[in-house]
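Counting with the working numbering, you get residues 12 to 143 for the letters of the sequence shown.
All residues carry an ideal CB built from backbone N, CA and C; glycine is no exception.
Just so you know, these numbers come straight off a predicted model, no measurement behind them.
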Amino acid sequence: MTLILPFGLTACSSGVDANSSTNSSSTSTTHLVVTNWRNGDDGMLALHSGVLVKLPDGCVGMRDAAQSKPVLLRWRAGTALSADGTAVVGSSGERFDFDSEIGMGGGFGGAPVPSECESSLWAGVYEIQQPL
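Right, here's the structure in full:
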(Lines of atoms letter the chains of each structure in order from A and count residues from 1; the text may use other names and numbers.)
(Lines give C-alpha, C1' and ligand atoms only; values in the text may rest on other atoms or scores of the structure.)
Protein backbone atom coordinates (compact mmCIF):
# COMPACT_ATOMS: atom_id res chain seq x y z
CA MET A 1 0.00 0.00 0.00
CA THR A 2 1.33 3.45 -0.91
CA LEU A 3 0.20 6.80 0.46
CA ILE A 4 0.81 9.95 -1.55
CA LEU A 5 1.01 12.94 0.77
CA PRO A 6 0.74 16.11 -1.29
CA PHE A 7 1.72 19.46 0.13
CA GLY A 8 0.88 22.69 -1.68
CA LEU A 9 -1.92 23.63 -4.00
CA THR A 10 -3.49 20.28 -4.89
CA ALA A 11 -4.37 17.00 -3.26
CA CYS A 12 -4.06 13.53 -4.67
CA SER A 13 -4.01 9.98 -3.45
CA SER A 14 -3.20 6.49 -4.58
CA GLY A 15 -6.02 4.37 -3.25
CA VAL A 16 -5.58 5.61 0.32
CA ASP A 17 -6.56 8.84 2.06
CA ALA A 18 -4.08 11.64 1.47
CA ASN A 19 -3.44 14.59 3.73
CA SER A 20 -2.68 18.00 2.25
CA SER A 21 -1.59 21.32 3.58
CA THR A 22 -0.77 24.65 2.01
CA ASN A 23 2.79 25.87 2.24
CA SER A 24 2.65 29.68 2.11
CA SER A 25 6.29 29.98 1.02
CA SER A 26 5.78 27.83 -2.08
CA THR A 27 3.34 27.83 -4.98
CA SER A 28 4.21 24.31 -6.13
CA THR A 29 2.97 20.95 -4.97
CA THR A 30 5.28 18.45 -3.29
CA HIS A 31 4.41 14.76 -3.49
CA LEU A 32 5.96 12.75 -0.67
CA VAL A 33 5.43 9.05 -1.44
CA VAL A 34 4.96 7.18 1.86
CA THR A 35 4.51 3.42 2.36
CA ASN A 36 2.99 1.51 5.25
CA TRP A 37 6.35 -0.24 5.94
CA ARG A 38 7.27 -0.26 9.63
CA ASN A 39 10.07 -1.70 11.79
CA GLY A 40 9.72 -5.47 12.05
CA ASP A 41 8.37 -5.89 8.51
CA ASP A 42 10.51 -7.81 6.02
CA GLY A 43 12.94 -5.36 4.48
CA MET A 44 15.90 -4.66 2.23
CA LEU A 45 19.30 -3.64 3.58
CA ALA A 46 21.14 -1.85 0.76
CA LEU A 47 22.62 1.62 1.38
CA HIS A 48 22.01 4.28 -1.27
CA SER A 49 23.33 7.83 -1.00
CA GLY A 50 23.03 11.04 -2.94
CA VAL A 51 21.48 14.50 -2.82
CA LEU A 52 17.83 14.92 -1.76
CA VAL A 53 15.95 16.63 -4.60
CA LYS A 54 12.45 17.73 -5.60
CA LEU A 55 11.90 17.57 -9.35
CA PRO A 56 9.52 19.70 -11.47
CA ASP A 57 6.75 17.08 -11.05
CA GLY A 58 6.84 17.87 -7.30
CA CYS A 59 8.05 14.40 -6.30
CA VAL A 60 10.96 13.84 -3.92
CA GLY A 61 13.97 11.68 -4.72
CA MET A 62 17.71 11.22 -4.54
CA ARG A 63 20.26 12.12 -7.22
CA ASP A 64 23.67 10.44 -7.26
CA ALA A 65 26.69 10.88 -9.52
CA ALA A 66 26.39 7.35 -10.97
CA GLN A 67 22.95 7.82 -12.56
CA SER A 68 21.74 10.32 -15.14
CA LYS A 69 18.28 10.38 -13.52
CA PRO A 70 17.47 10.49 -9.80
CA VAL A 71 15.56 7.72 -8.04
CA LEU A 72 12.14 8.40 -6.56
CA LEU A 73 12.08 7.75 -2.80
CA ARG A 74 9.26 5.84 -1.11
CA TRP A 75 9.46 6.94 2.51
CA ARG A 76 8.51 4.75 5.47
CA ALA A 77 5.33 5.30 7.47
CA GLY A 78 5.35 8.41 9.68
CA THR A 79 7.47 10.54 7.33
CA ALA A 80 6.21 14.04 6.39
CA LEU A 81 7.23 17.26 4.71
CA SER A 82 8.53 19.98 7.07
CA ALA A 83 6.14 22.85 7.82
CA ASP A 84 8.30 25.26 5.79
CA GLY A 85 8.51 22.83 2.85
CA THR A 86 12.32 22.76 2.77
CA ALA A 87 12.91 19.27 4.18
CA VAL A 88 11.53 15.81 4.82
CA VAL A 89 11.06 14.89 8.50
CA GLY A 90 11.18 11.32 9.80
CA SER A 91 8.91 10.01 12.55
CA SER A 92 11.73 10.54 15.10
CA GLY A 93 11.94 14.21 14.11
CA GLU A 94 15.17 13.79 12.11
CA ARG A 95 15.26 16.37 9.32
CA PHE A 96 16.56 15.78 5.77
CA ASP A 97 16.98 19.10 3.94
CA PHE A 98 16.51 19.38 0.19
CA ASP A 99 19.79 19.78 -1.73
CA SER A 100 21.77 18.07 1.03
CA GLU A 101 23.68 14.78 0.94
CA ILE A 102 21.78 11.86 2.48
CA GLY A 103 22.27 8.10 2.80
CA MET A 104 19.33 5.74 3.25
CA GLY A 105 18.96 2.02 3.92
CA GLY A 106 16.42 0.07 1.89
CA GLY A 107 16.33 -1.17 -1.67
CA PHE A 108 14.83 -1.27 -5.13
CA GLY A 109 11.72 -3.42 -4.70
CA GLY A 110 10.32 -3.01 -8.20
CA ALA A 111 7.50 -0.63 -7.27
CA PRO A 112 6.27 1.51 -10.18
CA VAL A 113 6.49 5.29 -10.20
CA PRO A 114 3.07 6.50 -8.92
CA SER A 115 0.84 8.37 -11.37
CA GLU A 116 1.30 11.64 -9.45
CA CYS A 117 4.95 11.63 -10.51
CA GLU A 118 6.25 11.91 -14.09
CA SER A 119 7.81 8.48 -14.73
CA SER A 120 10.18 9.76 -17.44
CA LEU A 121 12.01 11.89 -14.84
CA TRP A 122 12.91 8.97 -12.56
CA ALA A 123 15.43 6.09 -12.90
CA GLY A 124 13.40 3.89 -10.54
CA VAL A 125 11.85 3.72 -7.08
CA TYR A 126 13.96 3.21 -3.93
CA GLU A 127 12.10 2.09 -0.81
CA ILE A 128 13.54 3.53 2.42
CA GLN A 129 13.38 0.96 5.19
CA GLN A 130 15.61 2.29 7.93
CA PRO A 131 14.43 4.04 11.10
CA LEU A 132 14.00 7.75 10.48
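Here aspartate 110 is not bridged, per DSSP, to any residue.
A distance below 8 angstroms separates the beta carbons of arginine 85 and valine 44. Leucine 58 is positioned such that its CB atom lies closer than 8 angstroms to that of glycine 116.
Spatial neighbours of valine 100 in its own chain (CB-CB distance under 6 angstroms, excluding positions within 5 residues in sequence) are listed in chain order as Ala91, Ser93, Arg106.
Secondary structure at leucine 132: helix, using DSSP grouped into helix, strand and coil.
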